[in-house]
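**Student:** The structure follows.
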Amino acid sequence: MKSTLIGAALVAGLAASASAQIQMTEVQRIDLFALNNDQSSTFIGTNVSAIAWNGTDLFAAGFNGAAASGTGVARYSGGSFSVMQFITGTPGARGFSGLDIQGDRLAAAYDDGASDPQGLQVFDLNTDSVLWSKSIRGGSGVGFDPGFGGADSGVAWTTFGSGRRALQDTATGADIYTTANGMIITPGGGSFWRDMDFAANGNMVARRANDVVFFNRTGGNSGSPSLLVNNAENGPFINGQNVAYVDNSVYGEFVIWNDRSSTGLGQAAADVIKVTDLSGTELTLSLDLIGGGTLAAGNGYYDFSWDAASGTLAVLDYNNRMVHIFAVPAPGAAGLLSMAGLVAARRRR
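Taking my numbering, the leading residue of the sequence shown gets 1395, the next gets one more, and so forth.
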């Protein structure tokens, strides 16, 4: 698509959604087919289940929705994919549950149904190689914890049946806190953890079954958990329930998450993708797509990765094998034309 056409479509989308509380405008779209085609050299699974985005490069991890096969982690940079890791023999209905990025480090959580030596890994993005790994069942996502007031930063994780956040040293993988002495993050109820994300001040949001949990940090290893969204844990055995913490210069702090209580096909994205402020109030969301229209219906599985530096949010559509990059908020006309040129330049690479 020519840059002038992209710019026109984005301006039209902005005008149509000026009254929305949270406005996002698509500036790039990345097709994941090469990662999910088992005849491709970049195959990492039947679907992409987790993403991390740093404003220029996209990192994707795979899921195996078929018989026993392999899953992996890939990098999208300069218009092409490269595989960073491939794990053979991933059982059916298993794979990666989460990715997170901080500087030149990428954290990955991998679930094969039990504790695995590659359950938690951190990659060095200077070499795209594994820096360290820890044997866990990585079915509950992963996040870089900035700590609180300079205390207790590292790679955070939890697992099914745990009420605590464990923490590893980012550089070495050494234990800082374990699932025995990490901070308590459960506001009562179950512990089917699926995902987590952190604000710059150390506050945390997490998915417990289909609920959204908010954790107000008071110390390096302390804080107060509460239910931001109470869905009565109506999807305890359903994966792909994800969340991202957004701190935006225009809209302030809010979370974006997917309301997934069913794996059924035909779920409208507008009914599934939701934004909520930190008081638990659901906000109106407008997604303006390149060329107009709406996101395709799917199975409710989405993942999110917010890059504060570029003000962009990556949204993974698992079922339709696509990643959409949105500017948040919708940029002004000058910014739209600039981004249109950027998209065109990226596509020419």
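Heads up, the beta-carbon is just placed ideally off N, CA and C, and yes, glycines get one too. Just so you know, these numbers come straight off a predicted model, no measurement behind them.
Here's a check: name, in chain order, each residue in its chain whose Cβ is nearer than 7 Å to the Cβ of Ser1529, leaving out the five neighbours to either side.
**Tutor:** Your numbering for residue 1529 matches position 135 in the sequence shown. Ser1509, Asp1510, Pro1511 and Gly1513.
**Student:** Since Val1717 and Ala1708 are thought to touch, with beta carbons under 8 Å apart, how far apart are those beta carbons, to the nearest angstrom?
**Tutor:** Counting from 1 along the sequence shown, the entry for residue 1717 is found at position 323. Counting from 1 along the sequence shown, the entry for residue 1708 is found at position 314. About 6 Å; that satisfies the 8 Å criterion.
**Student:** Compare the C-alpha of Ser1680 against each of Asp1425, Ala1721 and Leu1452 and name the closest.
**Tutor:** On the sequence shown, residue 1680 is found 286 positions in, with the first residue counted as 1. Closest option to Ser1680, Cα to Cα, is Ala1721.
**Student:** Under the DSSP definition of a beta bridge, which residues are partnered with Ala1663?
**Tutor:** For the purposes of this step, residue 1663 is taken as residue 269 along the sequence shown, with counting starting at 1. Answer by DSSP bridge pairing: none, since Ala1663 is not bridged.
**Student:** Return the Cβ separation of Ala1503 and Gly1532 in integer angstroms, given the expectation that the two are a contact with Cβ distance under 8 Å.
**Tutor:** If you number the sequence shown from 1, residue 1503 lands on position 109. If you number the sequence shown from 1, residue 1532 lands on position 138. Contact holds; Cβ gap of about 3 Å.
**Student:** On the three-state DSSP scale, how would you describe Leu1519?
**Tutor:** The residue given as residue 1519 occupies position 125 in the sequence shown. Coil, per DSSP.
**Student:** My parser needs the alpha helix (DSSP H) runs of 4 or more residues fully inside the segment 1490 to 1572; what are they?
**Tutor:** With a minimum length of 4 residues, no continuous alpha helix (DSSP H) run stays inside the segment 1490 to 1572.
**Student:** Run through DSSP, which three-state label would Ala1428 get?
**Tutor:** If you number the sequence shown from 1, residue 1428 lands on position 34. Ala1428 falls in the helix class under three-state DSSP.
**Student:** Between Gly1660 and the rest of its own chain, which residues show a CB-CB distance below 6 Å, the 5 nearest in sequence each way excluded?
**Tutor:** Your numbering for residue 1660 matches position 266 in the sequence shown. Only Ala1691 meet the Cβ criterion.
**Student:** Suppose you measure from the CA of Thr1419 to the CA of Ala1638; what does that come to, to the nearest Å?
**Tutor:** Counting from 1 along the sequence shown, the entry for residue 1419 is found at position 25. Counting from 1 along the sequence shown, the entry for residue 1638 is found at position 244. Cα-Cα distance, rounded: 17 Å.
**Student:** Can you tell which of Val1421, Val1649 and Gln1415 has the C-alpha that lies nearest to the C-alpha of Gly1686?
**Tutor:** For the purposes of this step, residue 1686 is taken as residue 292 along the sequence shown, with counting starting at 1. Nearest C-alpha to Gly1686: Val1421.
**Student:** In this structure, what does DSSP give as the bridge partners for Asn1458?
**Tutor:** Indexing the sequence shown from 1 puts residue 1458 at position 64. Answer is Arg1488.
**Student:** Could you check whether Val1640 and Trp1700 sit closer than 8 Å to each other, using their CB atoms as the reference points?
**Tutor:** Indexing the sequence shown from 1 puts residue 1700 at position 306. Indexing the sequence shown from 1 puts residue 1640 at position 246. Contact flag set, yes.
**Student:** Once you ignore the five residues that flank Gln1496 on each side, which residues in its own chain have a CB closer than 6 Å to its CB?
**Tutor:** As a position in the sequence shown, residue 1496 is number 102, starting the count at 1. So the qualifying residues of the chain are Phe1538.
**Student:** Determine the closest residue to Ala1745 out of Asn1610, Thr1706, Leu1519 and Asp1506, with distance taken between C-alpha atoms.
**Tutor:** As displayed, the chain neither begins before 1395 nor continues past 1743, which places residue 1745 out of reach and without an answer.
**Student:** Our contact map puts Phe1554 next to Ser1534 with C-beta atoms below 8 Å; I'd like the distance itself, whole angstroms only.
**Tutor:** In the sequence shown, counting from the first residue as 1, residue 1554 sits at position 160. In the sequence shown, counting from the first residue as 1, residue 1534 sits at position 140. Contact holds; Cβ gap of about 6 Å.
**Student:** Quick one: grab the DSSP three-state call for Ile1481.
**Tutor:** For this step, residue 1481 is matched to residue 87 along the sequence shown. In this structure, Ile1481 counts as strand in the three-state DSSP scheme.
**Student:** Checking 8 Å against the spacing of the C-beta atoms, do Glu1647 and Leu1672 come in under that value?
**Tutor:** Working through the sequence shown from its first residue, we reach residue 1647 at position 253. Working through the sequence shown from its first residue, we reach residue 1672 at position 278. Taking 8 Å as the Cβ cut-off, Glu1647 and Leu1672 qualify as a contacting pair.
**Student:** How many Å lie between Val1524 and Gly1466 at the Cα?
**Tutor:** Position 130 of the sequence shown holds residue 1524. Position 72 of the sequence shown holds residue 1466. Going by the C-alpha atoms only, they are around 12 Å apart.
**Student:** Evaluate Ala1410 with the Cβ neighbour count: other Cβ atoms within 10 Å of its Cβ, from every protein chain shown; 16 or more gives buried, anything less gives exposed.
**Tutor:** Position 16 of the sequence shown, counted from the start, is the residue given in the question as residue 1410. Model confidence at Ala1410 stands at a pLDDT of 34, short of 50, so the residue's coordinates are unreliable; what they give is reported in the following sentence. Exposed, because fewer than 16 other Cβ atoms sit within 10 Å of the Cβ of Ala1410.
**Student:** Assuming the contact rule is C-beta atoms closer than 8 Å, Arg1715 and Asn1636 should be a hit. Round their C-beta distance to whole Å, please.
**Tutor:** Counting from one through the sequence shown, the residue named residue 1715 turns up at place 321. Counting from one through the sequence shown, the residue named residue 1636 turns up at place 242. Going by Cβ atoms, the distance from Arg1715 to Asn1636 rounds to 16 Å, so no, they are not a contact pair.
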